[in-house]
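Visitor:
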Amino acid sequence: MPLRPVSTVGALADALRSRVLSGEIAPGTPLPEQELAASYGVARPTVREALAVLVHEGLLRRERNRSAYVPEVTLADLDDLMYVRRPLEDLMAQAVAGRRVPAAEAALGRMAALPAEALWSESVAEHMALHEALIEAVGSPRLERLYGVLAAETRLGLVRLREVYEDRDVLVREHRALLDAIAGGTAEEARVAVAAHLGHSWGGGS
188 MPLRPVSTVG ALADALRSRV LSGEIAPGTP LPEQELAASY GVARPTVREA
238 LAVLVHEGLL RRERNRSAYV PEVTLADLDD LMYVRRPLED LMAQAVAGRR
288 VPAAEAALGR MAALPAEALW SESVAEHMAL HEALIEAVGS PRLERLYGVL
338 AAETRLGLVR LREVYEDRDV LVREHRALLD AIAGGTAEEA RVAVAAHLGH
388 SWGGGS
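Residue numbering for the sequence shown follows the numbering used here, beginning at 188 and increasing consecutively.
1. Taking Ala370 as the reference, give the member of Ala324, Gly215 and Leu268 with the closest Cα.
2. From Ser310, Val311, Gly386 and Gly335, pick the residue whose C-alpha is nearest to that of Ile322; which is it?
3. Report the rounded CA-to-CA distance for Leu268 versus Ala293, giving the unit in angstroms.
4. Give the DSSP-derived three-state secondary structure of Ala284 in the structure shown.
5. Is Pro217 close to chain D? Criterion is C-beta to C-beta, closer than 8 Å.
6. With a cut-off of 8 Å on the beta carbons, I'd call Arg251 and Pro258 a contact; round off their distance for me.
7. What number of angstroms, rounded off, separates the C-alpha of Ala377 from the C-alpha of Leu275?
8. Going by alpha carbons, who is nearest to Ala338 out of Leu223, Arg347, Ser327 and Glu319?
Encoded structure:
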């Protein structure tokens, strides 16, 4: 249906982002501008700008003479992603241990409040907000920049976690336990809790 927001480009980018992060648009699926323009009732330049937003975020890839598409993130890619994320989150655990992070608690609260019919992309958004809040609580701009570089692949990886967290309550409980362990533990205890949290499986598939 046609979009009628204040910013049509922003609204279209939001709609496509939600479809990507909910897994509705599978990796490799082409996103032709003409078809999207017809589907959403907008002009092709609007589609082009919206796609450019998602390409900039790393959620889509665009190559010469080819429609934009969702990049494939393999299990090997995700394993390598976690290999790089672990030391960054370990630094966070050492720095944040012993205190609550209000922004992370707020993200968890929003995640817990999502209705049963909420799109998985909404869980992805709050999941990312929680972890990013913990990183920001360290107070290191360089750590934030390093973590931010991994954001797109992390979000695309979280799409795969739908297979692991079919019950959203499990996701909420795990993150409640994580925040409690960080707030109530020593630096070493927080490091152990974070390492265990990051040790999940990415689910099946290739």
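Quick reminder that beta carbons are idealized off the backbone N, C-alpha and C, glycines included.
Guide: So, to answer that:
1. Of all alpha-carbon atoms in Ala324, Gly215 and Leu268, the one lying nearest the alpha-carbon of Ala370 is that of Ala324.
2. Nearest C-alpha to Ile322: Gly335.
3. Cα-Cα distance, rounded: 26 Å.
4. The answer is coil: DSSP assigns Ala284 none of H, G, I, E or B.
5. Absent from the structure: chain D. Only one protein chain is present.
6. Not a contact, Cβ separation roughly 16 Å.
7. Taking the straight line joining both Cα atoms gives about 13 Å.
8. Distance from the Cα of Ala338 is smallest, within the candidate group Leu223, Arg347, Ser327 and Glu319, for Glu319.
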